[in-house]
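**Student:** So in numbering that gives the first Met the number 0, spot 32 of the sequence shown is number 31, and the numbers just go up one at a time.
C-beta atoms are modelled at their ideal positions from N, C-alpha and C, and glycine is treated no differently.
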Amino acid sequence: MTEDLVWIEQFQAQLVAKPNLSPAQIAADLDLLFTNPALMQLSFSALVKRLIESPVWQSFDYDNNPYKALCLQLSNEIEAYNLGLKAQPAYHSLSHFKDVCLSITLLIAQQIPQAIAAQPTDEVKQDSVLKIDSSNPWYLSAEEAWILLFAAIGHDFGHTGMMNAVPFEIEKKSIEQIHLWLRSQNLSSDFIDELMSKVETIILATDPRYLKSLFNIIQSTSPLPTKLNYLSMLMVEADLLASSLPTRGVLLTEALATEWQAHYPDKAQILKAPDGRLKFLQHIAFLGPHAQRLALNASRMELIEQLQKSKPISS
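Shown next as structure tokens:
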């Protein structure tokens, strides 16, 4: 692994070597990852390049893989677009793109055999769903993993910092931007259509107002979720991961409040309120086994409990 990203490998090695780490310890380590000075100094495209070259993504590589070049080229396109803006949105900036690409990498890394080999805690041992092999419906093929990285890179392409006036408004604009860019590349229309049929569903799922509907789909027993539903949930989990962390999450909440202040001051005030973060954490959830290996839902519940205990008592 390139020296810049050795901290990702160290984090993953610790998860394997110390399978009984508490959710709070894992969350603290994730916080350190997302605030690592080396990550802060890397440009978006430089981070994507290093991620692609890392052991995680090399383990998912395959012959004639078209996504490696596309991921890097799309990150260059988005970086140039954002740097050309008079000012980037406070939250939906290139920093957010970096967070989400790092998050999808950390989630997908939990499927790698060395991660599966780690002995889970007693609580996890009783839950066979955490065995992420080909018998698990959450299991990702190599191509599916790369499609998720491609979607993570492009999911907020062209985001202005505004909220949706109608469902999926901003997500559809990002999808259109990606589609137009793909059409400018030397790619067959069949390949573009096949790729975008998946990417469109995955990115549409990141509309915050769709979250509860997605939870219902994932938890349904009749009908069962489709593979595309699972891919969508993984994308949403990557989108939320950094915001759920004890330290990084607070900073991102402040950034989103700043982004909303000019056009949605009431919404910004809700985020800034003492129980704003509590409501956010209660609204989200991490349902997949990749996320469970990172104890994301357990740490979220612990944070909720802490915030409830510290909440001022109304007179």
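Alpha carbon to alpha carbon, what distance is there between Ser-221 and Ala-37?
**Tutor:** Approximately 46 Å, taken between the alpha carbons.
**Student:** Let me confirm a value: Met-232 is counted as buried when at least 16 other C-beta atoms fall within 10 Å, else exposed. Which label applies?
**Tutor:** Burial call: buried.
**Student:** Under 8 Å by Cβ, that's how I've got Leu-244 and Asp-30 pegged, so tell me the actual separation to the nearest angstrom.
**Tutor:** So it is a contact: roughly 5 Å between Cβ atoms.
**Student:** Return the chain-ordered list of same chain residues with a C-beta closer than 6 Å to the C-beta of Pro-111, the five sequence neighbours on each side being excluded.
**Tutor:** The sequence as given places Ile at residue 111; Pro does not occur at that position. Cβ within range, chain order: Ser-58.
**Student:** DSSP three-state call for Leu-275: helix, strand or coil?
**Tutor:** The amino acid occupying residue 275 in the given sequence is Gly; Leu does not appear at that position. It is helical.
**Student:** What alpha helix (DSSP H) runs, 4 residues minimum, are completely inside the region 224-255?
**Tutor:** Runs of the alpha helix (DSSP H) inside the region 224-255: 226-240.
**Student:** Round the Cβ separation of Ala-89 and Ala-254 to the nearest angstrom and send it over; I've been treating them as touching at under 8 Å.
**Tutor:** Confirmed, about 5 Å.
**Student:** Which of the three DSSP states, helix, strand or coil, is assigned to Pro-264?
**Tutor:** Of the three classes helix, strand and coil, the one that applies to Pro-264 here is helix, per DSSP.
**Student:** With a threshold of 16 other CB atoms inside 10 Å of the CB of Gln-109, please say whether the residue is buried or exposed.
**Tutor:** Per the 10 Å Cβ criterion, buried.
**Student:** State the CB to CB distance for the pair Asn-75 and Ser-44, rounded to an integer number of angstroms; the pair is presumed to be in contact (CB under 8 Å).
**Tutor:** Going by Cβ atoms, the distance from Asn-75 to Ser-44 rounds to 5 Å, so yes, they are a contact pair.
**Student:** Excluding sequence positions up to five away, which residues of its chain have a Cβ less than 6 Å from the Cβ of Gln-11?
**Tutor:** So the qualifying residues of the chain are Ala-108.
**Student:** Roughly how many angstroms lie between the CA atoms of Leu-194 and Ser-102, to the nearest whole one?
**Tutor:** Computed Cα separation, rounded: 21 Å.
**Student:** By Cβ distance, which residues of its chain are closer than 6 Å to Leu-319, with the 5 residues on each side in sequence left out?
**Tutor:** Shown here, the chain extends from 0 to 314; a query on residue 319 therefore has no answer.
**Student:** Which value, in whole angstroms, describes the spacing of the CA atoms of Cys-100 and Met-162?
**Tutor:** Rounded to the nearest angstrom, the two C-alpha atoms are 22 Å apart.
**Student:** Go ahead and pull the three-state DSSP assignment for Lys-172.
**Tutor:** Here Lys-172 sits in helix by DSSP.
**Student:** Find out if the Cβ-Cβ distance for the pair Asn-317, Leu-93 is shorter than 9 Å.
**Tutor:** The question about residue 317 has no answer, for the chain in this structure spans 0 to 314.
**Student:** Quick check: what's the CA-CA separation for Gln-218 versus Lys-85?
**Tutor:** The straight-line gap from Cα to Cα measures roughly 43 Å.
**Student:** Please say whether Ser-173 and Asp-155 have beta carbons closer to each other than 9 Å?
**Tutor:** Contact: yes.
**Student:** Considering only residues of the same chain and omitting the five flanking positions on each side of Glu-170, which have a CB-CB separation below 7 Å?
**Tutor:** Contacts found: Ile-202, Leu-203, Thr-205, Asp-206.
**Student:** From Asn-64 to Asn-35, what distance separates their C-alpha atoms?
**Tutor:** Going by the C-alpha atoms only, they are around 30 Å apart.
**Student:** CA-CA distance, Ala-79 and Phe-96?
**Tutor:** If I take the Cα positions, the gap works out to 13 Å.
**Student:** Have a look at His-178 and Trp-145 and give me their C-alpha separation to the nearest angstrom.
**Tutor:** Straight-line Cα distance between these residues: approximately 17 Å.
**Student:** Look at the alpha carbon of Arg-299 and the alpha carbon of Ala-141, and state the distance between them as a whole number of angstroms.
**Tutor:** Approximately 29 Å, taken between the alpha carbons.
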